[in-house]
Amino acid sequence: MKILLTTLHAKYSHASLALPGLAANCRSIRGVDVAIREWTVNEPAEQLLRLAMAEQADLVAFSCYIWNIEKSLRIASDIKKVSPGTLIALGGPEASFGVFELMRANPAVDFVIKGEGEGTFRQLVEILASQKIRSSMVQPPPAPIPVPEGAFAEIGNLFSRDGDDIVAGPSSRAYLQLDSIPSPFEAGLVDLGKPQVYYETSRGCPFSCAFCLSSVEGKVRSYSMDRIRNDLQFLMDRRVPSIKLVDRTFNYDAKRADRIWDFILEHNQGSHFHFEIAADLLTRENISLLQRVPDKTFRFEIGVQSTSEGTLARVGRNSDLARCFDNIRRLRSETQVELHLDLIGGLPGEDYPGFLHSLQRVADLNPHEIQIEPLKVLKGSPMRQIAQQEDYRFSAFPPYTILSTPWLSFAQICRIETIARLLDLFHNRGGFANSLSFMLRQMSFADLFDRMAGQIGVENLSGFSTRRVYELFARLAMGLVCDGEKHLLLDALFYDYCLHELPQMGKLPDFIVGRHRECAWPGRRDLPPGVELAADSRVKLFRFTFLRDYRIEPWPDKPAGITFVYASKAGHGQSVTAV
349 MKILLTTLHA
359 KYSHASLALP
369 GLAANCRSIR
379 GVDVAIREWT
389 VNEPAEQLLR
399 LAMAEQADLV
409 AFSCYIWNIE
419 KSLRIASDIK
429 KVSPGTLIAL
439 GGPEASFGVF
449 ELMRANPAVD
459 FVIKGEGEGT
469 FRQLVEILAS
479 QKIRSSMVQP
489 PPAPIPVPEG
499 AFAEIGNLFS
509 RDGDDIVAGP
519 SSRAYLQLDS
529 IPSPFEAGLV
539 DLGKPQVYYE
549 TSRGCPFSCA
559 FCLSSVEGKV
569 RSYSMDRIRN
579 DLQFLMDRRV
589 PSIKLVDRTF
599 NYDAKRADRI
609 WDFILEHNQG
619 SHFHFEIAAD
629 LLTRENISLL
639 QRVPDKTFRF
649 EIGVQSTSEG
659 TLARVGRNSD
669 LARCFDNIRR
679 LRSETQVELH
689 LDLIGGLPGE
699 DYPGFLHSLQ
709 RVADLNPHEI
719 QIEPLKVLKG
729 SPMRQIAQQE
739 DYRFSAFPPY
749 TILSTPWLSF
759 AQICRIETIA
769 RLLDLFHNRG
779 GFANSLSFML
789 RQMSFADLFD
799 RMAGQIGVEN
809 LSGFSTRRVY
819 ELFARLAMGL
829 VCDGEKHLLL
839 DALFYDYCLH
849 ELPQMGKLPD
859 FIVGRHRECA
869 WPGRRDLPPG
879 VELAADSRVK
889 LFRFTFLRDY
899 RIEPWPDKPA
909 GITFVYASKA
919 GHGQSVTAV
């Protein structure tokens with residue numbers, strides 16, 4: 349019996365953890381051959397259909413999320429039309445709620461697995477594999493698998509078809525012992541060549557936030573420490589560049605977190621780790637241990653969501669904001685952990701000024717990144733009931749983004765989305781340290797990004813080159829400073845630009861074209877003394893006289909001639925030194 353496990357990612361760089369887990373749990377079933385194929389939503393539907401059909405699978409199982417459910421259903425429908433005997437199964441969060449409506453609207457779907465899938469999927473495959481073996485004794489392959497009536501009715505959390513009826517198996521809150529799932533890493537089922545590998549040490553969440561599906565997952569369960577150590581050692585020994593732990597709240601148990609962090613620090617060989625944590629759960633012992641973390645090794649994603657205690661209470665988010673902020677400040681000042689803070693726009697009770705207040709309080713913590721997402725009213729989340737009670741308007745189609753709330757108009761939600769995009773361009777990616785420092789002497793962080801966003805209108809902010817991003821900053825910021833300081837802003841902005849990209853002769857950013865006569869492109873023989881370079885490095889130089897020396901804090905108010913050395917080497921990218 350051939351099984352195709354597949355999903356459509358939003359980006360090629362993403363990888364599935366669910367599919368290798370399903371495959372690992374079915375490897376011991378007699379007569380079963382499992383193929384994992386991961387594609388993206390950006391590929392043409394016709395090509396995806398060809399790829400799926402080329403597998404000649406008896407069962408095609410899709411892992412479904414808000415970003416891929418619509419295209420997954422389209423591919424499933426087309427598979428059924430080409431090969432009516434091919435069975436189709438869906439699983440994942442976007443398939444786990446409103447199952448009867450989903451199956452009635454999509455007759456190509458034979459099975460839906462609700463919730464945690466490994467155990468239910470194995471039971472389904474065991475029955476199908478048994479039927480395949482029996483049928484092959486009567487009919488030569490590739491005969492369709494006969495599905496006897498009522499064969500799946502007793503499998504918990506499985507929805508199936510019985511003639512024209514949709515049958516729901518017993519609703520089960522029983523959970524797998526996580527260690528019973530064989531390691532997909534040791535089984536060689538995970539693509540370690542992806543830029544980022546996903547890993548979990550636990551399932552469930554200690555919080556009950558109404559906007560998150562983790563609120564309905566139940567208690568927190570952990571893999572054993574032996575299993576966690578074995579998996580992490582496997583990944584670190586293979587020098588996986590980036591490992592993202594998908595635990596909803598990694599540090600729900602502070603002592604457990606310390607044991608894992610300590611193990612990583614003892615055995616790591618250059619991997620970078622991403623954790624989602626609750627800052628208010630960090631202990632003194634946690635922070636003391638985290639002081640040992642080397643630069644560019646740990647990144648913490650912290651869901652602040654809102655700085656309004658009233659708003660957080662309305663969505664069941666039990667967070668000690670004072671402790672949260674204090675621990676974030678300590679992480680920022682005492683450790684080298686990269687900090688990524690999240691906000692949600694559109695939570696109950698938070699209007700536009702309230703959102704800007706939350707943004708400012710988060711910005712005051714000086715995180716490396718600030719991510720803002722408009723609220724999504726997910727299927728199955730308690731937020732659906734709140735939205736109905738509070739007269740929210742949200743899209744009926746994935747990802748179910750809010751359109752208006754009693755506190756935010758559609759225009760204000762659009763402005764929040766624009767602020768989020770500007771943060772990605774000007775703050776989160778780096779490259780504007782001096783320009784932002786200059787602007788923040790004039791106004792607050794939230795006010796700056798709000799006023800910039802107010803100038804955008806409906807302009808598309810995607811697909812910008814590096815030069816265009818800096819030109820956009822100049823255009824948006826120029827109207828926010830007085831005439832007597834605009835030349836100083838553009839000077840600081842050009843310094844930031846030079847630190848990230850070599851200015852090209854004849855292609856200077858438009859905000860500095862008027863000073864093109866001050867630009868020089870010396871040869872390698874003019875390399876400033878004291879700059880050490882590898883013998884096989886490719887080197888280019890650029891020289892400019894700035895109005896201030898931005899290498900020194902505070903900036904001396906006198907001109908400074910600075911040479912930028914751009915060195916590149918195969919496999920090492922480009923380094924920039926300002927001399």
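For the sequence shown, the positions run 349 to 927 when the working numbering is used.
By construction, the Cβ of each residue, glycine as well, lies at the ideal position given by its N, Cα and C atoms.
Just so it is clear, the structure is predicted and the values come from calculations on it, not from any experiment.
query: Burial state of ALA670, where buried means 16 or more other Cβ atoms lie within 10 Å; result: exposed
query: Strand pairing of PHE500, partner residues [DSSP]; result: Partner(s): none; PHE500 has no beta bridge.
query: Spatially closest choice to ASP643 from CYS672, ARG680 and SER916, by CA coordinates; result: ARG680
query: Validate contact between the region 629-643 and the region 595-608 using beta carbons, cut 8 Å, 3 pairs; result: yes
query: Alpha helix (DSSP H) segment containing LEU784, residue limits; result: 781-787
query: Those runs of the alpha helix (DSSP H) which lie wholly inside the region 410-456 and span at least 4 residues; result: 417-430 and 447-453
query: Meets three-Cβ-pair contact criterion under 8 Å: the region 363-379 and the region 405-419; result: yes
query: Reference ASP795; option with closest CA among GLU565, ASP712 and ASP513; result: ASP712
query: Beta-carbon contacts of PHE582 that lie in its chain and below 8 Å, excluding the five residues immediately before and after; result: SER531, PHE533 and GLU534
query: As assigned by DSSP and simplified to three states, the class of GLU534; result: coil
query: For LEU704, the first and last residue of its enclosing alpha helix (DSSP H); result: 700-711
query: Local conformation of PRO368 per DSSP, three classes; result: helix
query: Neighbourhood of ALA405 by C-beta, 8 Å cutoff - its chain only, sequence neighbours within 5 removed; result: LYS350, ILE351, LEU352, ALA383 and THR434
query: Close Cβ partners of ALA424 (< 8 Å) along its chain, the five nearest in sequence each way excluded; result: VAL408, PHE410, ILE436, LEU438, ASN454, ALA456 and VAL457
query: Per DSSP, cross-strand counterpart(s) of THR911; result: ARG891
query: Cβ separation of LEU751 and ARG763, assumed to be a contact under 8 Å, to the nearest whole Å; result: Contact flag wrong, Cβ pair sits at about 14 Å.
query: Outcome for THR814 when other beta-carbon atoms lying within 10 angstroms are tallied against a minimum of 16; result: exposed
query: Host alpha helix (DSSP H) of SER590 (start-end); result: That residue, SER590, is in no alpha helix (DSSP H); its beta strand (DSSP E) goes 590-593.
query: CB contact flag (PHE621, PHE648, <7 Å); result: no
query: Among MET826, GLU682, LEU704 and GLN639, the one whose alpha carbon lies nearest that of LEU613; result: GLN639
query: Distance CB(ALA501)-CB(VAL515) smaller than 7 Å; result: yes
query: Whole-Å CB distance - ASN929 paired with TYR843, under 8 Å assumed; result: The structure shown does not extend to residue 929, since the chain is modelled only from 349 through 927, so no value can be given for it.
query: Supposed close pair PHE890, TRP903 - CB separation, criterion 8 Å; result: Actually they do not touch by this definition, with Cβ atoms about 20 Å apart.
query: Distance between GLY811 and ARG769 (C-alpha atoms, nearest Å); result: 12 Å
query: Where the beta strand (DSSP E) containing GLY921 begins and where it ends; result: 921-926
query: First and last residue of the uninterrupted alpha helix (DSSP H) at ILE335; result: No answer is possible for residue 335: it lies beyond the span of the chain, which begins at 349 and ends at 927.
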